[in-house]
Amino acid sequence: MKEPVEQIGGHMSEHAVLSGELIYQYVPHVTQVVEYGASADAVFSGRTQPPPEGARFDLYLEGPVIGPRLTGTLTGVDYLNFRADGRAELHIHAEITTDDGPKIALLATGLATAEKGSSVFQLRENVVLTTNHLDYLWVNQIQLWAAGTVDVAKGGVDLKAYAV
111 MKEPVEQIGG HMSEHAVLSG ELIYQYVPHV TQVVEYGASA DAVFSGRTQP PPEGARFDLY
171 LEGPVIGPRL TGTLTGVDYL NFRADGRAEL HIHAEITTDD GPKIALLATG LATAEKGSSV
231 FQLRENVVLT TNHLDYLWVN QIQLWAAGTV DVAKGGVDLK AYAV
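Our numbering numbers the first residue of the sequence shown as 111 and each following residue consecutively.
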């Protein structure tokens, strides 16, 4: 399945081309932000530049997972490093609790790129899922690429993950 490409400031929009089988979409909200000196609101809004050493934030996430292959709830943390050059590096550790009870570990790395003049960041993630539950062993054999957005003013994420 391919989605159309739109260009925003030289970056792909949330309609980035991703081919493969849609596994899930998640739409969690940021429930807590841990700051290590720099203000997350000031850095994300662009009012303050990240310091030379970068700005570290822990973003706690929780929300629904919806999809043809996985449904349930995601809870986890993005250990975000917002570099001085404006690149926001994602490092997410989370769990998906499926609607029927089993847990699946999620590890994702990637980046967030700000849309100029907006509170929206484009997200690109490389995702690995792991479990030992017999009904979900298939997740151990797939690689996921995910694309979407986060609106830092609202704290909402919308992301689709595809097996590639």
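Yeah, the Cβ is synthetic: ideal placement off N, Cα and C, and Gly gets one too.
What does the alpha-carbon distance come out to for the pair residue i and residue j?
i	j	result
E116	R179	Bear in mind that the predicted position of E116 carries a pLDDT of just 39, short of 50, making it too unreliable to give a figure here.
L239	A150	28 Å
G186	P138	10 Å
V175	Q142	19 Å
R166	L221	14 Å
F192	V230	15 Å
Q159	V237	29 Å
T241	Q253	14 Å
D168	P161	17 Å
R69	G156	Summary: the structure shown does not reach residue 69, with the chain confined to residues 111 through 274, and so no result is reported for it.
T219	G266	18 Å
Out of the options, which one is the CA nearest neighbour of residue i?
i	options	result
T183	A273, R157 and I206	I206
A224	L132, A263 and V144	A263
G164	V175, I176, Y189 and Q142	Y189
D209	L221, T181 and L171	T181
V173	A204, P162, E131 and V144	Strictly speaking, residue 173 in this sequence is Gly, with Val absent from that position. When each option's Cα is compared against that of G173, the closest is A204.
L217	A271, S155, Y134 and I202	I202
V153	Y170, G130, A194 and Q135	A194
E145	V267, Y136, Y170 and P212	Y170
G227	Y134, A148 and D261	D261
Rounded to whole angstroms, how far is the Cβ of residue i from the Cβ of residue j, which I believe are closer than 8 Å?
i	j	result
G258	L244	Rounded, the Cβ-Cβ distance is 30 Å, inconsistent with contact.
V274	W255	5 Å
G177	L132	6 Å
If you reduce the DSSP assignment to three classes, tell me which class residue i lands in.
i	result
Y146	coil
L247	helix
D210	coil
V275	Since the first residue shown for the chain is 111 and the last is 274, residue 275 is missing from the structure and cannot be characterised.
D151	helix
D195	coil
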